[in-house]
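When we follow our numbering, the leftmost residue of the sequence shown carries the number 231, and every step to the right adds one. No residue lacks a Cβ here, since even glycine has one placed at the ideal position from N, Cα and C. Computed from a prediction, not measured in an experiment: that's the story for all the values here.
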Amino acid sequence: MSEESGKLLWKPTQEQIMNSNLQRFMETLSDTHSVSFSNYNELHKWSIDDPENFWSAVWTHTGIKSSVNFTRVLVEGDKFPGARWFSGARLNYAENLLRTSEEKVAVIGRLEDGTRTTITHQQLYRRVAQCAAAMRRKGVTNGDRVAGLLPNVIESIIAMLAASSIGAIWSSCSPDFGLSGVLDRFGQIKPKLLIACDGYFYNGRTVNCSQLVTELCNQLKSIQCLVIVPVTGIFKTAGTDGSGIIFENFLVTENTPKLVFEQLPFDHPLFIMYSSGTTGAPKCIVHGAGGTLIQHLKEHRLHVNLTPNDRMFFFTTCGWMMWNWLVSALASEVTLVLFDGSPFYPMPKSLFDLVEEEKVTVFGTSAKYLAALERHGVKPSETHNITGLRSVLSTGSPLSSRSFRYIYRNVKSNISLASISGGTDIISCFVLGNPCLPIWEGEIQCIGLGMAVEVWDEYGNSVREQKGELVCTKPFPSAPIYFWDDKQNKKYLATYFDVFPGIWAQGDNAEINSRLGIVIHGRSDSTLNPAGVRIGTAEIYRQLEVFDELLDYVCVSQIWEGDERVILFVVLKEGVEMTAELRSSICSTIREETTPRHVPKKIIAVADIPRTMNGKTAELAVRKILHNEPITNIDALANPESLSLFRNLIELTK
């Protein structure tokens, strides 16, 4: 494949390798398990061939705190789904994140309006204790749902940890989801307590959430208590009718209460996450406390190489799984940096201003953001002092070769760039970075430890150097424990195990090369199939990034004369027209860099592209519009009005 010959962009020094957490883990295994590995691939093979010894070693190495130790690591490991992990263990997720009481800063919170707040580990522990005591006073107990309609602020972390200390289940949405989007999610899980914001700042505006919160409480009859976090100060009394409680008044502050961590089974429900909801009501995905904790510890310590000296900033909202993933880094005693607002306000370089000011060492963001940075001409290597930044993480969609080059040319030449891929489904990664491996342009470094990831063709054969379905052939701890209100696991089985029974199919079109690097070509359900040739949309998108005239694009297939044809929609820069020359140049570039099958039959300019709440291109929604199929959940889109741009296009009738 073309990516196999991609340019070597970075490799760790021998000193960096020897000082990495991953190297220390391998040395520990040599002492404790009498196993030795000459390279990462050997370690990975052992981790999936001997999962019980591997995962128990991760438990010990990362210092997971439990009141009762496990009796067995893996029970019924031949069942997928159905395997059970760390039988007999009793632990608490929040206790493991609050394991240190140092006066070191635990979290730095930044808002778009310039507000900056900090909290130390000791202060965080105390605030969680106060919040948990308040929740208990309101009747919140083991198994109850606590919902957060919140921006990415410190209070969100306090509330989540307080709920999990009790054994309640936390679920959060970003306030920009809108009433229908939030009701589609929280309405299914029936929360007892709602913690909401008065508003938030975005792109220079102050957004008032008072009406949203009031309507939500009117329609969610399960809510017994409303708590308001005054982010903007829009209203000082909670709720428009004063029916709620301001967060500070909600906390139990007299005689700082003792924080009791309920000791719970490994698979006790911790989070309820949601699918995008673009093809129906959002699926409510329930993740267990132990599986989330051990998987995040493995990824943070061994793959991201986090230490207590790190400051990690991930640009995310509370409605994206990367928020949960970020917060778990408290278990590694990292200082978290939060930001809520527009990444481009007041200027495109704003997030790198934050990276410089807060001395961020690990910066996580989306591939879309990095591509936009380049389009805006941002060159942090020339404008910012980011000498302490050692790693950039990218996720959300495939990171193009062009963005790889941009990072090393215009951000920092000596940096570890980790493209990572997994999802809400597993609240973690299947494939990700590695501090001990080189970085090649356009590819993800490795398969995650303990993850039996392969690429299969349509016949169920494992393949290399050709595209296929990304699958996981063996159980792993962070698989969902169930879907909410899913009788007999029907939705769960249909979502992941319909393609290959007993094998997890992630829904990604991927490729593994000879050095075991991975390229994600896009979603399987949006794969193009002209004349029977499978094409990932990311293969086409990668070629379009050289065109400065294009702001955005989406590629879908249209059923036409008994076959499929490739249709490309583009958003043009202001002042640019879709000329015959531009259309020809796009087609020529795609043909030269890929194959003639990849070339769109039609290229159509539109004013906007539909996106999900998390900023992902809604390819399926566009395809449904083209074929006059119903879209069952328009409210799952951030800009549903854009769908009208794709209806009844004359160009698609000929």
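Cα-Cα separation between residue i and residue j, rounded to whole angstroms
| i | j | result |
| --- | --- | --- |
| V585 | W790 | 49 Å |
| F300 | P707 | 14 Å |
| E881 | K832 | 8 Å |
| T565 | F416 | 30 Å |
| I349 | S386 | 13 Å |
| S404 | Y430 | 10 Å |
| V337 | V383 | 10 Å |
| P731 | N269 | 32 Å |
| A929 | S401 | What the structure shows of the chain is the stretch from 231 to 884, and residue 929 is not part of that stretch, so it cannot be assessed. |
| V358 | M552 | 21 Å |
| A389 | V265 | 43 Å |
| D583 | T547 | 19 Å |
| E807 | I816 | 13 Å |
| H828 | Q360 | 58 Å |
| N644 | D793 | 48 Å |
| K642 | F593 | 12 Å |
| G698 | G747 | 14 Å |
| H498 | A519 | 6 Å |
| E612 | R639 | 10 Å |
| L879 | Q353 | 58 Å |
| T725 | E859 | 21 Å |
| P870 | I864 | 6 Å |
| A511 | A709 | 21 Å |
| V852 | E804 | 23 Å |
Residue i classed as buried or exposed, judged by whether at least 16 other C-beta atoms fall within 10 angstroms
| i | result |
| --- | --- |
| A740 | buried |
| A468 | Because the pLDDT at A468 is just 47, under 50, the model does not fix this residue reliably, and the point stays unresolved. |
| N326 | buried |
| V567 | buried |
| E257 | exposed |
| P884 | Residue identity check: residue 884 is Lys in the sequence provided, not Pro. Exposed, by the Cβ-count rule. |
| H530 | buried |
| V796 | buried |
| S692 | exposed |
| Q675 | buried |
| E671 | buried |
| S331 | exposed |
| L328 | buried |
| Y689 | exposed |
| Q773 | buried |
Residue i, enclosing alpha helix (DSSP H) - first and last residue
| i | result |
| --- | --- |
| G463 | Per DSSP, G463 belongs to no alpha helix (DSSP H) and is neither H nor E. |
| L584 | 580-587 |
| K422 | Element bounds for K422: n/a, residue is neither H nor E. |
| A363 | 351-367 |
| C447 | 440-449 |
| E688 | Looking at the DSSP string, E688 is not in any alpha helix (DSSP H), and its letter there is neither H nor E. |
| R772 | 767-774 |
Residues near residue i in its chain [Cβ-Cβ closer than 6 Å; skip 5 each side]
| i | result |
| --- | --- |
| I733 | V701, T703 |
| E604 | Y636 |
| Q246 | none |
| T767 | G752, S756, C785 |
| G472 | Because the pLDDT at G472 is just 49, under 50, the model does not fix this residue reliably, and the point stays unresolved. |
| V763 | R827 |
Other residues of its chain near residue i: CB distance less than 7 Å, five sequence neighbours each side excluded
| i | result |
| --- | --- |
| A848 | T508, P840, R841, T842, L867 |
| Y712 | V516, N719, Y722 |
| D343 | F431 |
| H263 | N283, A287 |
| L532 | N251, L252, F255, L679 |
Beta strand (DSSP E) segment containing residue i, residue limits
| i | result |
| --- | --- |
| C785 | 780-790 |
| S266 | Unbroken run through S266: none, as it is neither H nor E. |
| Y504 | 499-504 |
| Q736 | 734-742 |
| G594 | 592-596 |
| E306 | Unbroken run through E306: none, as it is neither H nor E. |
| A336 | 335-341 |
| R694 | Careful: R694 lies outside any beta strand (DSSP E) and carries neither H nor E. |
| C659 | 658-662 |
Cβ-based neighbour list, residue i, same chain, cut-off 8 Å, excluding 5 preceding and 5 following
| i | result |
| --- | --- |
| I855 | I861, L873, F876, R877 |
| E445 | L409 |
| R620 | T591, V592, I645, S646 |
Cβ-heavy atom distance, residue i to the ligand HEM, below 7 Å
| i | result |
| --- | --- |
| L875 | You won't find the ligand HEM in this model; it holds no ligand whatsoever. |
Count the C-beta pairs between the region 373-386 and the region 421-432 that are closer than 8 Å, then say yes if the count reaches three, no if not. Contact between the region 373-386 and the region 421-432 is present, because at least three Cβ pairs lie under 8 Å.
Should the region 483-500 be regarded as contacting the region 391-406, the criterion being three or more beta carbon pairs within less than 8 Å? Segments in contact, yes.
The region 319-330 in contact with the region 437-450 per 3-pair CB rule at 8 Å: In this structure the region 319-330 does not touch the region 437-450; the number of beta carbon pairs closer than 8 Å is below three.
Tell me, please, whether the region 474-482 touches the region 449-458 by the rule of three or more beta-carbon pairs shorter than 8 Å. They touch, by the three-pair rule.
Contact between the region 648-663 and the region 606-614 is defined here as three or more beta-carbon pairs at a separation below 8 Å; is this criterion met? These segments do not touch.
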